[in-house]
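K.L.:
Residue numbers (this note's numbering): 1123 to 1325.
From the three backbone atoms N, C-alpha and C, an ideal C-beta is built for every residue, glycine too.
Sharing a structure, written as structure tokens. Questions coming.
Dropping the structure here:
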């Protein structure tokens, strides 16, 4: 297993597969990327390794009302996976985000892959903004179980997720809250809608 680190590309970050990495660097002038054997090496390369020394006390946000709603979607026709994310702080929408992951060897994960991507994006946003405590709201229980090590991670995607969440929990408190899917939870439904746009089900 390897980690593909993109230092300069359409999106900067660490990716699990070459296809995801290639999407960020192919045809991008001045692209800079490299494959590493460990997550820490990959994060060091792109400069996103968490460091308490990088954040001053004044920059840290201590507010348990920082809530990320995440969801995933799987497009049966294209096999594309989408994620949706809504960040709410003090009942105000701060960020709405979505993304697409192209067909992956772990297609058995389907929409769960998107939900995992959304959760990882949530903690990246939290880290970048110096949040010390966040809540992630999801509808698939594995988002919490893999992160806490209560479920065995049996494939590359879930192993990657478990590892990165364990790493991030050293630097922030992450609360998990499960909601029932399609239960008229306003922001979970919005994350679901965004995920469907990401996967191409909705336009």
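According to DSSP, is residue 1188 helix, strand or coil?
P.N.:
strand
K.L.:
List the endpoints of the continuous beta strand (DSSP E) containing residue 1258.
P.N.:
First-last of the beta strand (DSSP E) with residue 1258: 1255-1260.
K.L.:
Just tell me which of 1158, 1160 and 1127 has its CA closest to the CA of residue 1144.
P.N.:
In terms of Cα proximity to residue 1144, the closest of 1158, 1160 and 1127 is 1127.
K.L.:
Taking just the CA atoms, how far does residue 1241 sit from residue 1306?
P.N.:
21 Å
K.L.:
In terms of alpha-carbon separation, which member of 1190, 1239 and 1261 lies closest to residue 1212?
P.N.:
1190
K.L.:
What separation, rounded to the nearest whole angstrom, lies between the Cα atoms of residue 1301 and residue 1159?
P.N.:
36 Å
K.L.:
State buried or exposed for residue 1131, treating a residue as buried only when at least 16 other CB atoms are found within 10 Å of its CB.
P.N.:
buried
K.L.:
Between the C-alpha atoms of residue 1268 and residue 1274, what's the straight-line distance to the nearest angstrom?
P.N.:
7 Å
K.L.:
Classify residue 1239 as buried or exposed, calling it buried when 16 or more other Cβ atoms lie within 10 Å of its own Cβ.
P.N.:
The residue is buried, with at least 16 neighbouring Cβ atoms inside 10 Å.
K.L.:
Per the contact definition of three or more C-beta pairs closer than 8 Å, is the stretch 1260-1267 in contact with the stretch 1203-1218?
P.N.:
The stretch 1203-1218 makes no contact with the stretch 1260-1267; the number of CB pairs closer than 8 Å stays below 3.
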